[in-house]
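Below: one structure, written as structure tokens.
Number of protein chains: 10
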Amino acid sequence: MEKPKYTDLTAVKNEYQDRDYEIKISIPEFNCVCPKTGLPDFGTIRITYTPTEKIVELKSLKLYIIKFRSMGIFHEDVTNKIFDDINLALCPKQIEVIGDFNPRGGILTEVKVSNKK
Amino acid sequence: MEKPKYTDLTAVKNEYQDRDYEIKISIPEFNCVCPKTGLPDFGTIRITYTPTEKIVELKSLKLYIIKFRSMGIFHEDVTNKIFDDINLALCPKQIEVIGDFNPRGGILTEVKVSNKK
Amino acid sequence: MEKPKYTDLTAVKNEYQDRDYEIKISIPEFNCVCPKTGLPDFGTIRITYTPTEKIVELKSLKLYIIKFRSMGIFHEDVTNKIFDDINLALCPKQIEVIGDFNPRGGILTEVKVSNKK
Amino acid sequence: MEKPKYTDLTAVKNEYQDRDYEIKISIPEFNCVCPKTGLPDFGTIRITYTPTEKIVELKSLKLYIIKFRSMGIFHEDVTNKIFDDINLALCPKQIEVIGDFNPRGGILTEVKVSNKK
Amino acid sequence: MEKPKYTDLTAVKNEYQDRDYEIKISIPEFNCVCPKTGLPDFGTIRITYTPTEKIVELKSLKLYIIKFRSMGIFHEDVTNKIFDDINLALCPKQIEVIGDFNPRGGILTEVKVSNKK
Amino acid sequence: MEKPKYTDLTAVKNEYQDRDYEIKISIPEFNCVCPKTGLPDFGTIRITYTPTEKIVELKSLKLYIIKFRSMGIFHEDVTNKIFDDINLALCPKQIEVIGDFNPRGGILTEVKVSNKK
Amino acid sequence: MEKPKYTDLTAVKNEYQDRDYEIKISIPEFNCVCPKTGLPDFGTIRITYTPTEKIVELKSLKLYIIKFRSMGIFHEDVTNKIFDDINLALCPKQIEVIGDFNPRGGILTEVKVSNKK
Amino acid sequence: MEKPKYTDLTAVKNEYQDRDYEIKISIPEFNCVCPKTGLPDFGTIRITYTPTEKIVELKSLKLYIIKFRSMGIFHEDVTNKIFDDINLALCPKQIEVIGDFNPRGGILTEVKVSNKK
Amino acid sequence: MEKPKYTDLTAVKNEYQDRDYEIKISIPEFNCVCPKTGLPDFGTIRITYTPTEKIVELKSLKLYIIKFRSMGIFHEDVTNKIFDDINLALCPKQIEVIGDFNPRGGILTEVKVSNKK
Amino acid sequence: MEKPKYTDLTAVKNEYQDRDYEIKISIPEFNCVCPKTGLPDFGTIRITYTPTEKIVELKSLKLYIIKFRSMGIFHEDVTNKIFDDINLALCPKQIEVIGDFNPRGGILTEVKVSNKK
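Residue numbers (the working numbering), protein chains in the order written: chain A, 1155 to 1271; chain B, 1155 to 1271; chain C, 1155 to 1271; chain D, 1155 to 1271; chain E, 1155 to 1271; chain F, 1155 to 1271; chain G, 1155 to 1271; chain H, 1155 to 1271; chain I, 1155 to 1271; chain J, 1155 to 1271.
See below:
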């Protein structure tokens, strides 16, 4: 399966560009592949952003996220990559991406990338 | 069924205009229609405002909210529209409207429109 | 039954007037009467205050609260009235009163009156 | 909108007819109309059945359930009607239908129709 | 206020007399008066019954329950009285009434009257 | 302080002797003294019984329970003693007493004495 | 990726064959592919069994479960297939398999296959 | 039993005096005696402090707290006294003491004494 | 460290041998070593038994449980061994031992050994 | 077993050094030995840091944490030591370490060391 890239994200017109408001999207069914073991890693991705001219179309976001299912990638990298891709696709005023991953060996990790002020 | 509009909201006199206080209204039984699929979308609407001269009468708010049941409208739009309609009807000092929608395809969305300082 | 008034609240001496501290009182068994339907309305009253010379004696607060059981009064009014009565009885440095009411017709309301800085 | 009827339910072949097993379906986004007030009533429908030759196709069940949105019907009747319609469409070995409705005026009701032994 | 009695309960026709099914009603906003202290006691009443020819109309049940608000009565007695009154009004096949009362002096009590087999 | 004994429990007339019903009493504020360390042990006592001619008066039960505060007694013994004392005071048809104790050294214990059939 | 089959499950010797005991395994990170939409379906698989001569080695069970990630299969079929495969691999005395699937379109399904007596 | 006093608290050397850090101690098994009724009052004491040269030894804190079991004292006073005693024993940089008391007559109280900036 | 064995468990006299009652012990701080990886495995042990002549002394049970910390042993074996050791030490009328282990690789296991009828 | 030291922590390259982001690691399976009693103490360690050039490799962190299992150390010391060791190994921009320990004798302690601004 091809890798997720920012052009997979369909940006549609923000109908309320004259005001700042916040869109929070939560995806509890995320999974990718651990580059070390080749086994799937599960977690929840939480995206919060304040749009400028564009908002993300949810169906395209879902298909983009599904592409991570067969991709080997570390927790820190996947969270930063989603942050970068949404920035490229939407140019939001503010954005925060959290990757909250299931325990492995009794250890939980959460990665938060944010440009919130 | 006719569409919800701000004149559906009955504004009654605020008896405590000399002080700032906050009214928080939570409506967990909201539903409208998805413009793409024609199927109903469910969620919770949360309104928090600091009144000036008027407060909203709850029965009229309920009837206004019910009119969304047969209206095709996106998550971002419905939250912004309720924000606009309450502003038009009540001119509150501060207001925040949150639309917190049930998962579709494993994705949850929450939209927050606020003029809180 | 006679109406609740601020003189029902017994104020006793604050033994620690030389320092600011906070007293939070929660009353989950509040009920009054809806002026429109004549039916009882239930909720929780939460009072948080920083005393000056006086603190409220809890037994008198309980009897004061019980007097609302047969009184027709709106959510906004009851919360503001309790705020006013405690201010008259205690002159606290800071006070916040929250009325958190049970759902009616699928709608919950919470009223918050505060002079906290 | 036309009324829901048992022929709306698409029955597909049960691939495991040689053994008894249980299918439990939970629909937390149910709503219909109160025949007295004309206002919407919300609740959760829970269906548990042991199939014989047929199982219900979920998309058709969803569309059947949506037809109740504009239908005036009491709690007891809607639960019994769903029980009857699934019996007519699937002839299951055992079936239980629960209608668990949101509070109205501080009262919750749950109706359970079952032929479980 | 006059005392609650079984004739306050309006019995309406059970439309599904040919089958046994269960109706569960939960009333978390119950309150009566403690005969010893004269202070209000709060709790939840839960009624589960299998109707014969009649079911209880919920509005009349609500008004019946409200009459306990000014009645001095012990926990054991109120639960047994509701059990008796519903039996007189509805002659259900089976019935269980639970009175689940809020703590007083750090002690919680629950009374269960049932003719379930 | 004198030790708790069954004569501390006031038995009052059961007004509904013609039927079996259940009274469940929960006391989350129990504490006694560990005979080994002399330090207080905390827990919850749960009593469920079906009365014959007598029911226990709650105020006397509370004062009886408070007497354990300064008594050195093991978990198994305190639960069995309460079981015995209620049997002596009330002669109930059925009774179950549970002592559910807070963790000590990372170990929780619960003792259940019952003559339920 | 090849399909999961019962020979993927490594059976190791049960060291306590002289007694009946129960092993419960819960896999909250299950996912397969919906045959209709091609999109991933998520859920939890719960397996409870009483072993005879063999127990399942957990690492092999994990690898078997992972093979469903790219397999198109319905909820009813996947639960029955896991039931069949464990029966073939282990010949347990009793076994129950539950597939508890995440909501799609506001509908949750749970499938339970069991030979428990 | 003798009254609790600040000299009951054993202060041991803080091994990390070169940095500010926070110690939070939670004691859910607190009880004292109500000066009005003579009956025990239960609650949780929460202490949070930033040490200077000394930290409190936990065993001595436990024995100090146990001395309140037979002491008649009001909620406000006990919270302020613990605040004063820890200040005298430890001279912490910052300290907050919360007394969170169980409901009496349906009313909960929480007292917070703090010198946090 | 030496291995845990049944003689580590101190059995003390059951003072209530004339009646059947149940003792439930919960140990949420269990850990042993995985024989495959050499890494620690965590879980909760739950023991429920009806004593005959002896009950287990809790301090000895704690020290017995601590010996598993450095012992390599599988989930099935540790649960069966504790079952056997308590049987040898106490000869209880009935006993159930549950080992409820933390997730490893996204899989949870629970082992239940019981002679309950 | 040798003692944990900062050189046990493998530091790997941070691939996103041009931006500040936060990594939160939670280890609910921590245990060490109480220096006073020689018995194990359990708790959860929570580490939150903003990396500069290096991030910690999770497997090495796990092995480092396991070394505390046989080490006698106080709550305050273990939390400060982990804080120091991660600082030495990673030189993070900001770091907070929380040690949240299970109750002993009915008392819970939490230690927080932080250089967050």
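Even for Gly, the Cβ is constructed at its ideal location relative to N, Cα and C.
Could you please give me the residues that DSSP links to G:F1228 through a beta bridge? As a first step, residue 1228 of chain G is located in the seventh sequence; it is residue number 74 there, counting from the start. The partner list for G:F1228 (beta bridge, DSSP) is empty, contrary to what the question assumes.
Cross-strand partners of F:Y1203 (DSSP beta bridge): Residue mapping note: residue 1203 of chain F aligns to position 49 of the sixth sequence, counting from 1. Beta-bridge pairing links F:Y1203 to F:I1177 and F:I1249.
Any idea if H:L1244 is buried or exposed, counting beta-carbon neighbours within 10 angstroms, 16 or more meaning buried? As a position in the eighth sequence, residue 1244 of chain H is number 90, starting the count at 1. Per the 10 Å Cβ criterion, buried.
What number of angstroms, rounded off, separates the C-alpha of B:V1166 from the C-alpha of C:V1187? Residue 1166 of chain B sits at position 12 when you count from the first residue of the second sequence. Residue 1187 of chain C sits at position 33 when you count from the first residue of the third sequence. If I take the Cα positions, the gap works out to 19 Å.
Would you list the one or two residues that DSSP bridges to J:F1196? For the purposes of this step, residue 1196 of chain J is taken as residue 42 along the tenth sequence, with counting starting at 1. DSSP, once it has assigned bridges, lists J:N1185 as partnering J:F1196.
Within the chosen definition, does the stretch 1212 to 1229 of chain C reach the stretch 1172 to 1185 of chain I through at least 3 CB pairs nearer than 8 Å? Judged by Cβ distances under 8 Å, the stretch 1212 to 1229 of chain C makes no contact with the stretch 1172 to 1185 of chain I, as fewer than three pairs qualify.
Kindly say whether F:M1196, judged by its beta-carbon, lies nearer than 7 Å to any beta-carbon of chain H. The count along the sixth sequence starts at 1 and reaches residue 1196 of chain F at position 42. It should be pointed out that residue 1196 of chain F corresponds to Phe in this sequence rather than to Met. Closer than 7 Å: yes.
Counting only Cβ pairs nearer than 9 Å, list the residues of chain I close to G:S1180. Counting from 1 along the seventh sequence, the entry for residue 1180 of chain G is found at position 26. Simply P1257, I1261, L1262, T1263 and E1264.
Taking a contact to mean a Cβ-Cβ separation below 7 Å, would you say I:V1251 touches I:T1263 in this structure? As a first step, residue 1251 of chain I must be located in the ninth sequence, where it is residue number 97. As a first step, residue 1263 of chain I must be located in the ninth sequence, where it is residue number 109. No. Outside cutoff.
Quick one: what does DSSP say F:L1163 is sitting in, helix, strand or coil? The residue you call residue 1163 of chain F lines up with position 9 of the sixth sequence. The answer is coil: DSSP assigns F:L1163 none of H, G, I, E or B.
Within the 7 Å Cβ cut-off, does E:E1183 reach chain C? The residue given as residue 1183 of chain E occupies position 29 in the fifth sequence. E:E1183 counts as touching chain C.
Under three-state DSSP, which class holds C:N1241? Your numbering for residue 1241 of chain C matches position 87 in the third sequence. Residue state, collapsed to three classes: helix.
Report yes or no: is there a C-beta of chain H within less than 7 Å of the C-beta of C:E1156? Numbered from its first residue, the third sequence carries residue 1156 of chain C at position 2. Chain H, which has no Cβ nearer than 7 Å to the Cβ of C:E1156, makes this no.
Once the 5 residues before and after J:F1228 are set aside, which same chain residues still bring their CB inside 7 Å of it? Taking the first residue of the tenth sequence as 1, we reach residue 1228 of chain J at position 74. Closer than 7 Å at Cβ, skipping near neighbours: P1189.
Quick one: using the 10 Å Cβ neighbour count with 16 as the cut-off for buried, is E:D1195 buried or exposed? Taking the fifth sequence and counting its residues from 1, one reaches residue 1195 of chain E at position 41. Buried: at least 16 other Cβ atoms inside 10 Å.
Short-range partners of chain B found in the stretch 1165 to 1178 of chain D, where Cβ spacing is below 7 Å: none
Can you round the beta-carbon distance between F:G1197 and F:G1253 to whole angstroms, since I take them to be within the 8 Å contact cut? Residue numbering aside, residue 1197 of chain F sits at position 43 when the sixth sequence is read from its first letter. Residue numbering aside, residue 1253 of chain F sits at position 99 when the sixth sequence is read from its first letter. Right, the Cβ-Cβ distance comes to about 6 Å (below 8 Å), so this counts as a contact.
Contact belief for E:L1163 with E:V1210 at Cβ below 8 Å, rounded distance in angstroms: For this step, residue 1163 of chain E is matched to residue 9 along the fifth sequence. For this step, residue 1210 of chain E is matched to residue 56 along the fifth sequence. That belief holds up - the Cβ atoms of E:L1163 and E:V1210 are roughly 6 Å apart, short of 8 Å.
Since E:F1222 sits in a beta bridge, which residues does DSSP pair it with? In the fifth sequence, counting from the first residue as 1, residue 1222 of chain E sits at position 68. Bridge partners of E:F1222: none, in fact.
So, E:I1236 versus E:Y1203, is the Cβ gap smaller than 7 Å? Indexing the fifth sequence from 1 puts residue 1236 of chain E at position 82. Indexing the fifth sequence from 1 puts residue 1203 of chain E at position 49. The answer is no: Cβ separation not under 7 Å.
Chain-ordered residues of the stretch 1184 to 1218 of chain A with a beta carbon less than 8 Å from chain G: N1185, L1193, P1194, F1196 and K1216
Could you name the residues of chain G that I:D1231 contacts, counting a contact when the two beta carbons are closer than 7 Å? Numbered from 1 along the ninth sequence, position 77 holds the residue referred to as residue 1231 of chain I. Result: E1169.
Burial state of C:K1266, where buried means 16 or more other Cβ atoms lie within 10 Å: Looking up residue 1266 of chain C in the third sequence gives position 112. So C:K1266 counts as buried.
Counting only beta-carbon atoms, is H:N1234 nearer than 7 Å to chain C? Residue numbering aside, residue 1234 of chain H sits at position 80 when the eighth sequence is read from its first letter. It does: the Cβ of H:N1234 has a partner Cβ on chain C nearer than 7 Å.
Please go through the same chain and pick out, in chain order, the residues whose beta-carbon is closer than 6 Å to the beta-carbon of D:K1159, but skip the five residues on each side of it. The residue labelled residue 1159 of chain D in the question sits at position 5 within the fourth sequence. So the list is empty, once near-sequence residues are dropped.
Give me the Cβ distance between A:K1157 and A:K1213, rounded to the nearest whole Å; I'm assuming they're in contact under 8 Å. Indexing the first sequence from 1 puts residue 1157 of chain A at position 3. Indexing the first sequence from 1 puts residue 1213 of chain A at position 59. In fact, because the Cβ distance is near 19 Å, the residues do not count as touching under 8 Å.
Can a CB atom of chain G be found closer than 7 Å to the CB of I:V1251? Residue numbering aside, residue 1251 of chain I sits at position 97 when the ninth sequence is read from its first letter. For I:V1251, the answer is no, since every Cβ of chain G falls outside 7 Å of its Cβ.
Quick check on the burial criterion: 16 or more other C-beta atoms within 10 angstroms. Buried or exposed for H:F1207? Translated into positions along the eighth sequence, residue 1207 of chain H becomes position 53. Rather than Phe, the amino acid found at residue 1207 of chain H in this sequence is Glu. It is exposed - the Cβ of H:E1207 has fewer than 16 other Cβ atoms within 10 Å.
Residue range of the unbroken beta strand (DSSP E) whose run includes H:K1208: Residue 1208 of chain H sits at position 54 when you count from the first residue of the eighth sequence. For H:K1208, the enclosing beta strand (DSSP E) covers residues K1208 to V1210.
Assuming B:K1266 is part of the beta strand (DSSP E), what are its boundary residues? Taking the first residue of the second sequence as 1, we reach residue 1266 of chain B at position 112. It spans I1261 to S1268 - the beta strand (DSSP E) in which B:K1266 sits, taken as one unbroken run.
Mark J:D1239 as exposed unless 16 or more other C-beta atoms lie within 10 angstroms of its C-beta, in which case mark it buried. Translated into the one-based positions of the tenth sequence, residue 1239 of chain J becomes position 85. With 16 or more Cβ atoms within 10 Å of its Cβ, J:D1239 is classed as buried.
Taking DSSP as the reference, what is the three-state secondary structure of I:N1273? For residue 1273 of chain I there is no data in the structure shown, the boundaries of chain I being 1155 and 1271.
What is the rounded straight-line gap between the Cα of C:P1246 and the Cα of C:K1271? Walking along the third sequence from the start, residue 1246 of chain C turns up at place 92. Walking along the third sequence from the start, residue 1271 of chain C turns up at place 117. Distance between the alpha carbons of C:P1246 and C:K1271: 13 Å.
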